[in-house]
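Peer 1: Residue numbers (the numbering used here), protein chains in the order written: chain A, 104 to 455; chain B, 5 to 216; chain C, 35 to 263; chain D, 8 to 201; chain E, 43 to 602. This is the structure, below, for whatever I ask next.
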Amino acid sequence: MSFFIASSPHEHNRRQTSDVMRWVLLAAIPGVLVQLFFFGWGVLFQLLLAIVTAWATEAIALQTRNRPALASLKDNSALVTAVLLAISIPPLAPWWVIVIGVAFAIIVAKQVYGGLGQNIFNPAMVGYVLLLVSFPVQMTSWLPPATLSDNDLSLWQTLHVIVFEYTPSGFSVEQLRTGIDGVTMATPLDTVKTGLTQGYTLSELTAKSVFQGIAGVGWQWVNVAYLVGGLVLLQQRIISWHIPLGVIVGVAAPALIAHSISPDQMLGPVTHVLSGATMLGAFFIATDPVSAATSNKGRWIFGLLIGLLVWLIRSFGGYPDGMAFAVLLANLCVPIIDRYTRPTVYGHGGSA
Amino acid sequence: MTLSNMRKNGLILALFAVIATALVVGTEKLTASQIERQAQQQLLSTLNQIIPPARHDNDLYQSCRLLTLPQAQQPSTLYRAWLAQKPQAVAMQVTAPNGYSGAIRLLVAVDNSGYVMGVRVLEHKETPGLGDKIETRKSDWINEFNGKTVKGADDDRWAVKRDGGMFDQFTGATITPRAVVGAVERAVEFIKANPEKVYSDNLPHCQEQHHE
Amino acid sequence: MSEYQQLAKQGLWSNNPALVQLLGLCPLLAVTSTVTNALGLGLATLAVLMGSNLIVSLVRQWVPDEIRIPVFVMVIAALVTVIQLLMNAYVYGLYQALGIFIPLIVTNCAIIGRAEAYASKNPWQTSLFDGFAMGLGFTCVLVLLGAIREILGNGTLFAGAELLLGPWAASLKIELFQIDYPLLLAILPPGAFITMGFIIAAKNVIDKRQKMHAEQPQKSVERARVTAQ
Amino acid sequence: MSIVSAIIALGVLALIFGLVLGFAAVKFRVESDPIVDQIDAILPQTQCGQCGYPGCRPYAEAIANGDEINKCPPGGEATIKELADLMGVEAKPLDSAHGEEAVKTVAVIREDECIGCTKCIQACPVDAILGAAKQMHTVIAHECTGCDLCVEPCPVDCIDMVAERPRPETWQWDLGQIQQRHPEAQAIPVKMVE
Amino acid sequence: MRGNISDIEAGVIWTFPGGIHPPERKQPASDKPLRRIALPQQLVLPLRQHIGQAGDLLVAEGDRVLKGQALTKPGLTNGLPVHAPTSATVIAIEPRATAHPSGLSELSIVLSPDGEERWIEKKPLADFRQHDRAELIATIKAAGIAGLGGAGFPTAQKLAQQKPLDYLIINGVECEPYICADDRLMREHAEEILTGVDILLHITGIEKALIAIEDNKPEAIQAMRDAIAERSQFALRIVPTKYPSGGEKQLIQLLTGRQVPSKGLPMDIGLLMQNVGTAFAVKRAIIDGEPLLERVVTLTGEALQQPGCVWALLGTPIAHLMEQAGFTPDNLPRVIMGGPMMGFTLPALDVPVVKTTNCLLAPTEKELPPTRQELACIRCGACADVCPASLQPQQLQWLAKAKDYDALEQQQLFDCIECGACAYVCPSEIPLVHYYRKAKAEIKNIAREKAKAEIARERFEARQQRLEREKEERLERHRKAAEARQKAKQEAQQSGAEDPVQAALERVKRKKAEAANAEAPATNDKPQKSAAVAAAIARAKAKKAKQQAADAADNEKDES
C-alpha cells in the first residue's frame, strides 16, 4: 500500500481567497441596488463593462506573464477591483472611461507589480485616480439623484449615452444633469466645495435641494447601504473592525471639532460620514487586505490616517471628495506602519 | 607635508574659481543686450496682438508706467497707446489671485471708451488640458471678452454662465474662468472709472522692468 | 569593438544615463511634456556634458584628488550658466519654456557622474566622445519620453518646434489626431514617471530577448590546482 | 567693479575651501578596511580551485581587485548573494563555465584497493587524508570539503565522491526526498510558489 | 505585566494572543476506555528516542532479554537507556526506519517477544520520601523517562537543574484535535498521576503544583478534582479551549502571565512543566520500579474501525496497531503520527511506537482533505492574528521564499513553535509552516557549513604554512649540502685527493653490481608487492577503458 505524505498542519479551515472576495462582492449588493435606484441603469452598464474588461485584461496580462490564467481568475480579485471602480464613477460616463480605468488598474496597478498580493496600491483606486486626473469632466459629471432629476432615462437611452455620449434625441450628459430647479446639479460635496469658494455660507448651501435629508438626497442612502454591507462583512469576519472604524472616526472627529469652531465653513460629522464615498471607502476600499496594514494596531492607524486625509482633502484640498487619494497616500505609509506596529514577539520582553 | 598640500589645493581651487567666474561674467556681458532685446520683443508681440499697431503711434514698450490700484500692495504695470497725442487704449497687467492652482497673470487691454480690446494670459499654473484653455494656443475662449464692457459697479453679466453670467465656463473647470472673469472685470471697471489716473503724465516710469 | 564603438554603445544603450543609471530624472520628468522641450533640454545637457567632459579630461592631471569634486562642480556650474545665458539670448521662447530647469542641469548627476567615472581617468578625445554618447543617449530618452507624452496628452508631435529651431520649424508640427479629451495624466508629472517605467521595462525586455537569442558559447575555465599532484 | 569683486570673492572662497580640503585630506586619512578578509570569510573554503585561482584566499583577493563574484560553484547562489551585498554589485547567476552548484559530497577511499601511493595526501588542500607511503589511506570525513582534488591523482581510481548522507537532524524538510527513500510513499505535492 | 504570585494563587487565567478553534473531534476515541492489545510479532527499538545522544549497546544479536531489562547504557552526555518492553530475543541490531518525518533510518534493536512476560527484578522505592533527591533522579534516568508530551526531553535532566522554582505545572491540556491519550489517562489513573506529581514535588522541592486541563474534558477534570481533594499543594486550573493552549510557552502564559524568554527555558522564570503522562511514568518508575516500557497512544481517524486509546509497548510497529484498530484505508491512505496540526505523515508503517508517540491518526480523504494549490498571499493578516507567538507569518513567508535568512532571524523565525495556526487560517492555503521548517533547517545548515568552512580555512592555511616551511627547509638543506660539497671539494683539491663526486659515483656503481648478484634470493618480498601494485593499476586502467567503451556504446545507442 502506498502512503501519502504531506506537511503539517493537515487541517485547514477551508476558507479560501475566492470566498473572501465573493463575500466582498455579495456585501456590495445593497449599495449597488441603492445606486441603481438613484442613478439609473448606467450603474449596471458600468458594472458589466468593468467586469468584462477586468476579466479580459487580467487574462491577457497573466498570459503574457506566463502564469496560469484560469487559477488566478478564479480568485475573484479582479472582479472586486472592477466592481469597486464601476460603482465609483458617474453612471453616465462614456464607455471608454471605465474600460481605460479598469485596464490600467489591472495591468499597471496589479499585474505589473507582480499580480495579486504584490501590489502596494489599491488597484481600483489607482484606476480611479488615473481617470479623475485625466478626464475630470467625465469623472465629475454625476447625475442628480432620480428623485431630483428632470429626466428619466430608459435602459436604451442610458446605453446610448454611455456609447455615444448623447441620448438618441441628442441631449448631452451636461444637459441631462439639469435638476428640477433648472440648475445643473452637483453632488452634495461638490456643491459645498464650489459654494464655499464663491463665498456662500454653509447654511445657504445646505438649504439647496440636493441637501434634503440628513446628508444629501440619494447619497445618504447609498452610504447607509454600504454600511449595511460592511456590517455583513464584519459579521462574517471577512474584515476586521479596526479599519472601517478608524476611517469613520478619522473623518468624524476632526469634522466635529472644526464644525463646532466654524459652523458656517465646515461640514458637520454626520454629513461627512454619510456623503461621498465614506462608507464605501471605509468598508470596501480601505479594507483591501493587499494594500492595507496587517496588524490590528496598524489597521487602526491606517484607518485613522485615511479618515483624516479624507477630511483634509474635502475641507482644504482641490477635490470635493478625497477617498481615492487618501487611500493611496495611506497605502504608501503601510510599510512604515507595519514596521512600527509589529507586536513584540513572545519571549522578547513584551507584556503578557 | 600638510602645509604644502594645503597651499597646492587652495591655489588650484582658487585658480579654477577665478577662471570659471570670469567666464560666466564675460558671457553675461556679451549677451546682456541681446537678452534685453528678446524680452522686449516678446512683450511687444503680445501687446501688439491686443492693441493693433494701427491704433497707436507711440512706442508701447517705452510707455510703461506703474500705477497702484486701490487695495493693492504692489503697483500694476500699464502700457498706454496714443494716436496723434490722443489716448487710445491702455494695456494693464492684472493678477487673478483665485485661480485653481494659484495666481493667474493677465494683460487686459481697454480702449478709451471702456471696451475690452483683448485679454492675454501672461502666466498661469492651471491644470493642463483643463484650466489652460485660457491660453490662446489652446482655445479662443479668451476672445469672448473682446468688445465687452462693464456697466455699473455690480454688473451681474460679468460672471460665468453657471453663475448666471454671459461667459462660458469650460466643461469641468469653473474656477479658472471665474477667476479670469473677475480679474478682467475689476480691471475694466477701474480703467473705465479712472481715465484721468490711467492716462496721467505723472505716473512713475517702470524701472528695471522685464527682468524675468 | 573599438573604444569609440564601445563608448557609443554604453552611452546609447547598455549604460544609458536615463534608462540604466537613472540619473538626472528631475529635469527629465519635468520638461518632457512635448518633444520640443525634451529636445531643448536634451541638447543643453549634451552641450554641458561634452564641455564638462572635455575640460575635466584636459585638467585632470593638475587637479589633486581632494579637490576634484569642487573643481568639477565649478566647471559644470560655469558651463551651465554660460549656456543658460546663451539660450536666454538666442532661443528666448524655448528659454521661457525650459527656464527654471536649465539651472537644474548643474545638479544633474549624469554630468558629474561622467566627469568622475570617465573623464577624470581618460584622454580628452575619448572623454569628449563619451560626453557626446552619454548626452545623446540622454537626449534620445528625453525625446522618446516627450514624444509619447505629447502624443498621448495632446495628439500632436513637434508642437512649438519653432521656439527651438526657428520659424521654419513651425511646419514640423504634426497633428496626429484631434482629441476631445486628452489623457491629462500623460502630460502631468505622474504620467512622466509611469511612461518612464514602461520605457525602462521595454528596454529590459529587449535586453532579455537578446540574451536569450544570443547563444552563449559554452566555455570552460581551467581549474586551478591548489596543490601539487 | 562688480565683476572684479565677484571674481575676487569666489577666488578667495575657493582658496579657503582648498586649504581646508588640503588639510582634511592629510589629517583625516583612513586606512582602507581589509575587504579581502571579509570576502574570504564568505567563500566556502573548499579550496577546490574551480574559480581558476589556487584556493579561496587568492580568489578573494581577485574579487577585491574587481573580478566577477559568480565563479564559485561550491558556494552557489547563497555565496554570490552575500558577495553581491558586500561588494555593492548586482547578484548574477553562477558562471557555468566554472561548474554547477552540486550536492555536498565527501571523498571516500575504497580501502581495499588503495595502494598507498600518497598522491591523494599531497593533493588534499586541507590535510583531510590520513596515511603514509605504502599504508592504506583514509579520509577524515568531517574535515573533507568535498573539493574532489584527490580523485584525479589516484592511480588506481579508488576514491569516490559520495553525497553526504542525510541525518534526521540535517534533514531538509523535502518531501520529495522521502519518496526517494520510500518509493512506495506518495507525496501530496506541497505546491509551493517559488 | 508579569504575573505576580498573588494573582497566580487566586487562579487568574491569563490569555495569549492569537490561537484558533479547529473542530475538536475528540470523540469517538475519547469515549472508550484504555485497552491493551495483543503482543506484536516484533518490537523495533531505536536507540535514540529522545533529544540527545544514543546510549551504548548492552546486548548483542541472539541474546535473550527479560522484560524491563536495559538494552543500552547512556553515555556521558544527556543520554537515556532503552529497555526491553517484554521478555524476548534480540534478533537484529540494524538501521531501521524511525519515527521521524524524514523516514530516515536509525540504529535499532529488533526483538522477537517470547510471550512469557518474565520480569527482571524490580527495585521499587515505594516510600519515596525516605530517599534523597539524587537517588530518585538517578532512578528516573535509569527508567529511561523522557517527556511524553511530544518533545521527548529527558525528564531526569530537567529535574536535576538547580534553580529556585515557584511552581510545577502539570500539563493535561491536550489542545490538539483528536488526541485524548492524556484525557483517558487522567480519567482512569488520576491517583497514580498525582502520586507521580507528589514525587516530582518532593524531588524539586517546589511548594505547589498547578494542574492545567482544557475545559472540553469535563470527566478528566472531575477525576482530577476528586483526586486532589486531600492534597493542599495542588491546584486545578481549567483553561478555555483554544489551540495551542497546550504548548509549553502558551500554557505558562495562560497560568502565570509570564513569558519564557526567547531561547530560554521555563526554569528561567521559576517554572517547571511536566506532562501528565510523564508524571504517571515517574510514579511507575519510583513506586513500582518499572522502567518506561509502554505508553498510551490514541488511535483515531475515520479510517479506523475501532478507534480508542491503547497501551502500546514501545517498539510496537505502527502496522500492528493499525491492524488492531481495524485500518481500512480509502483512496488517500495516510497515517499521521501526532495530531492534525503538528503531527507528521508516515511514509510507511514499519516504524515503531516511540516515547513521544501520543497519537496515530488515520483520516479519510473527506475528513482531512489534502491542501490545494497554494495561491498568492493577499496580506490579509489572518496568520498574524492567530499567531500565538505574535510573529508576522506573512512577512516570514516572503522572506523565506526570498531566502533572506538574516532578515528571518531578525524577525525571530526561531521563536516560531510550528503550531500551524497560521497555515490553518491562510485563505491562500500557503504551507507556511513548511516554509519555516525549510528555512530553519537551511539556516542551521548554513551555520554548520560556516563553522566547517572556518575549520577548512584554518587547515588550509596551516598546510600552506607547513609547505612553505618545508620548502624553506629543503632549500636550506640544499644550500647547506651544496656548501658542504663545495667545501669538501676545496678541501680535497687542497689536499690533492681525488674528486669526491667521482668517488661517490664509483661507490654507487659498485653497490649496484653487488645488488644484481644478490637479487635471486631476495625476490620473495619486494617484487611481489610491486607486482600487486602494478596489477592494481592495470585493473584500474582496464576499468577505465571498460567505462569508456560503455560510454561510447551508450552514445552510439543514443545516436541510433
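Note that beta-carbon positions come from the ideal geometry of N, C-alpha and C, so glycine has one too.
1) Sorted by chain position, which residues of the same chain lie with C-beta nearer than 8 Å to residue 374 of chain E's C-beta, five sequence neighbours on each side aside?
2) List, in order along the chain, the chain C residues whose C-beta lies closer than 7 Å to that of residue 237 of chain A?
3) So the alpha helix (DSSP H) residue 101 of chain B belongs to, where does it begin and stop?
4) With a threshold of 6 Å on Cβ separation, who are the neighbours of residue 277 of chain E within its own chain once the five nearest residues in sequence on each side are excluded?
5) In the DSSP assignment, the beta strand (DSSP E) including residue 140 of chain C goes from what residue to what residue?
6) Going by DSSP, name the residue or residues bridged to residue 278 of chain E.
7) Which two residues bound the contiguous alpha helix (DSSP H) that contains residue 213 of chain E?
8) Does DSSP put residue 263 of chain C in a helix, in a strand, or in coil?
9) How long is the line joining the alpha carbons of residue 128 of chain B and residue 47 of chain C, rounded to whole angstroms?
10) From residue 359 of chain A to residue 47 of chain B, what does the alpha carbon distance come to, in whole angstroms?
11) Using 8 Å as the limit for Cβ to Cβ distance, is residue 174 of chain B near chain D?
12) If I follow the unbroken beta strand (DSSP E) through residue 350 of chain E, where does it start and stop?
13) Specify the secondary structure class of residue 190 of chain A as computed by DSSP and reduced to three states.
14) Put residue 122 of chain B into one of helix, strand or coil per three-state DSSP.
15) Taking only beta carbons into account, state which residues of the segment 97-114 of chain D come closer than 7 Å to chain A, listed in chain order.
16) Tell me the rounded alpha-carbon separation between residue 434 of chain A and residue 68 of chain C.
17) Taking only the alpha-carbon atoms, compute the straight-line gap between residue 449 of chain E and residue 476 of chain E and give it to the nearest angstrom.
18) Please report how far the alpha carbon of residue 216 of chain B lies from the alpha carbon of residue 149 of chain A, in whole angstroms.
19) Spell out whether any CB of chain B is found under 8 Å from the CB atom of residue 421 of chain A.
20) So residue 256 of chain A and residue 144 of chain A are in contact, right, with Cβ under 8 Å, and what is the actual spacing, rounded?
21) Opposite residue 276 of chain A in the DSSP bridges: which residues?
22) Might you give, ordered along the chain, the residues of its own chain that have their beta carbon closer than 6 Å to the beta carbon of residue 485 of chain E, omitting 5 neighbours on each side?
23) For residue 414 of chain A, count neighbouring C-beta atoms within 10 Å of its own C-beta (all shown protein chains included) and say buried if the count is 16 or more, exposed if not.
24) From the DSSP output, which residues share a beta bridge with residue 137 of chain E?
25) Along chain A, which residues have their Cβ under 7 Å away from the Cβ of residue 470 of chain E?
26) Listed in chain order, which residues of the segment 22-44 of chain B have Cβ atoms closer than 7 Å to some Cβ of chain C?
27) Would you please verify whether the beta carbon of residue 292 of chain A is less than 8 Å from any beta carbon of chain D?
28) For the segment 274-329 of chain E, list the beta strand (DSSP E) runs that are entirely contained and at least 3 residues long, ordered along the chain.
29) DSSP on residue 416 of chain E, reduced to helix/strand/coil?
30) Is residue 89 of chain C close to chain A, meaning its C-beta is less than 8 Å from at least one C-beta of that chain?
31) Under 8 Å, Cβ to Cβ, is there at least one residue of chain A near residue 567 of chain E?
32) Using alpha carbons as the reference points, say which of C:237, C:218, C:62 and C:239 lies closest to residue 139 of chain C.
33) Can you tell me whether residue 115 of chain D is helix, strand or coil according to DSSP?
34) Note down, in chain order, each residue of its chain lying with its Cβ closer than 7 Å to the Cβ of residue 567 of chain E, except the 5 sequence neighbours on either side.
35) Could you check the C-alpha separation between residue 90 of chain D and residue 354 of chain E for me, to the nearest Å?
36) Between residue 32 of chain D and chain A, is the shortest Cβ-Cβ distance under 8 Å, so that the two count as touching?
Peer 2: Well, looking at it:
1) For the purposes of this step, residue 374 of chain E is taken as the residue at position 332 of the fifth sequence. For residue 374 of chain E, where only same-chain residues beyond five positions count, the Cβ hits under 8 Å are 406, 407 and 412.
2) Numbered from its first residue, the first sequence carries residue 237 of chain A at position 134. Going along chain C in sequence order, the residues near residue 237 of chain A (Cβ under 7 Å) are 217, 218 and 219.
3) To locate residue 101 of chain B, count along the second sequence from 1; it is residue 97. No alpha helix (DSSP H) contains residue 101 of chain B, which is instead part of the beta strand (DSSP E) from 90-103.
4) Here residue 277 of chain E refers to the residue found at position 235 when the fifth sequence is read from its first residue. If we look at residue 277 of chain E and ignore the five residues flanking it on each side, its Cβ neighbours are 252.
5) As a first step, residue 140 of chain C is located in the third sequence; it is residue number 106 there, counting from the start. Neither: residue 140 of chain C is in no beta strand (DSSP E) and is coded neither H nor E.
6) On the fifth sequence, position 236 is the one that residue 278 of chain E refers to. According to DSSP, which records beta bridges pairwise, residue 278 of chain E is partnered with E:253.
7) Taking the first residue of the fifth sequence as position 1, residue 213 of chain E is located at position 171. Where residue 213 of chain E is concerned, there is no enclosing alpha helix (DSSP H), although the beta strand (DSSP E) it sits in stretches over 209-214.
8) Locating residue 263 of chain C in the third sequence gives position 229, where the first residue counts as 1. At residue 263 of chain C the pLDDT is 42, less than 50, meaning the model places this residue with poor confidence; the figure from the coordinates comes in the next sentence. Residue state, collapsed to three classes: coil.
9) For the purposes of this step, residue 128 of chain B is taken as residue 124 along the second sequence, with counting starting at 1. For the purposes of this step, residue 47 of chain C is taken as residue 13 along the third sequence, with counting starting at 1. Cα-Cα distance, rounded: 38 Å.
10) On the first sequence, position 256 is the one that residue 359 of chain A refers to. On the second sequence, position 43 is the one that residue 47 of chain B refers to. Spanning the two alpha carbons is a distance of roughly 52 Å.
11) As a position in the second sequence, residue 174 of chain B is number 170, starting the count at 1. No, no contact with chain D.
12) Within the fifth sequence, numbered from 1, the residue matching residue 350 of chain E stands at position 308. Run containing residue 350 of chain E: 350-355, per the beta strand (DSSP E) assignment.
13) Walking along the first sequence from the start, residue 190 of chain A turns up at place 87. In the structure shown, residue 190 of chain A sits in coil (DSSP, three-state: anything other than H, G, I, E or B).
14) Translated into the one-based positions of the second sequence, residue 122 of chain B becomes position 118. In this structure, residue 122 of chain B counts as strand in the three-state DSSP scheme.
15) none
16) Stepping through the first sequence from its first residue, residue 434 of chain A is reached at position 331. Stepping through the third sequence from its first residue, residue 68 of chain C is reached at position 34. Cα-Cα distance, rounded: 32 Å.
17) As a working mapping, residue 449 of chain E is identified with position 407 in the fifth sequence. As a working mapping, residue 476 of chain E is identified with position 434 in the fifth sequence. Distance between the alpha carbons of residue 449 of chain E and residue 476 of chain E is about 18 Å.
18) Stepping through the second sequence from its first residue, residue 216 of chain B is reached at position 212. Stepping through the first sequence from its first residue, residue 149 of chain A is reached at position 46. Note that residue 216 of chain B scores a pLDDT of 36, beneath 50, so its modelled location is shaky; the value from the coordinates is reported in the next line. Going from the Cα of residue 216 of chain B to the Cα of residue 149 of chain A covers about 50 Å.
19) Reading the first sequence from its first residue, position 318 is the one you call residue 421 of chain A. Residue 421 of chain A counts as touching chain B.
20) Your numbering for residue 256 of chain A matches position 153 in the first sequence. Your numbering for residue 144 of chain A matches position 41 in the first sequence. Yes, they are in contact, since the Cβ atoms of residue 256 of chain A and residue 144 of chain A sit about 7 Å apart, within 8 Å.
21) Within the first sequence, residue 276 of chain A is the residue found at index 173, counting from 1. Partner(s): none; residue 276 of chain A has no beta bridge.
22) Against the fifth sequence, residue 485 of chain E aligns to sequence position 443. Excluding positions up to five away in sequence, the list reads 447.
23) Taking the first sequence and counting its residues from 1, one reaches residue 414 of chain A at position 311. The residue is buried, with at least 16 neighbouring Cβ atoms inside 10 Å.
24) In the fifth sequence, residue 137 of chain E corresponds to position 95, counting from 1. Per DSSP, E:149.
25) If you number the fifth sequence from 1, residue 470 of chain E lands on position 428. Correct list: 120.
26) Correct list: 24, 27, 28, 31, 32, 35, 38, 39 and 42.
27) Here residue 292 of chain A refers to the residue found at position 189 of the first sequence. Chain D, which has no Cβ nearer than 8 Å to the Cβ of residue 292 of chain A, makes this no.
28) Within the segment 274-329 of chain E, complete beta strand (DSSP E) segments of at least 3 residues are found at 276-281 and 313-317, given in chain order.
29) Locating residue 416 of chain E in the fifth sequence gives position 374, where the first residue counts as 1. Coil at residue 416 of chain E, not helix or strand.
30) Position 55 of the third sequence, counted from the first residue, corresponds to residue 89 of chain C. It does not: the Cβ of residue 89 of chain C has no partner Cβ on chain A nearer than 8 Å.
31) Here residue 567 of chain E refers to the residue found at position 525 when the fifth sequence is read from its first residue. Confidence at residue 567 of chain E is low in this model, with a pLDDT of 49, below 50, so its placement is unreliable and the value that follows should be read with caution. Not one chain A Cβ lies under 8 Å of residue 567 of chain E.
32) Working through the third sequence from its first residue, we reach residue 139 of chain C at position 105. Looking at the Cα atoms, C:62 is the closest of the given residues.
33) Here residue 115 of chain D refers to the residue found at position 108 when the fourth sequence is read from its first residue. Three-state result, residue 115 of chain D: strand.
34) Residue mapping note: residue 567 of chain E aligns to position 525 of the fifth sequence, counting from 1. Annotation note: pLDDT 49 at residue 567 of chain E (below 50); position unreliable, coordinate value reported separately. Closer than 7 Å at the Cβ level, and outside the excluded window around residue 567 of chain E, lies no residue.
35) Translated into positions along the fourth sequence, residue 90 of chain D becomes position 83. Translated into positions along the fifth sequence, residue 354 of chain E becomes position 312. Those two C-alpha atoms are separated by around 54 Å.
36) Here residue 32 of chain D is taken as the residue at index 25 of the fourth sequence, counted from 1. No, because no Cβ of chain A sits closer than 8 Å to the Cβ of residue 32 of chain D.
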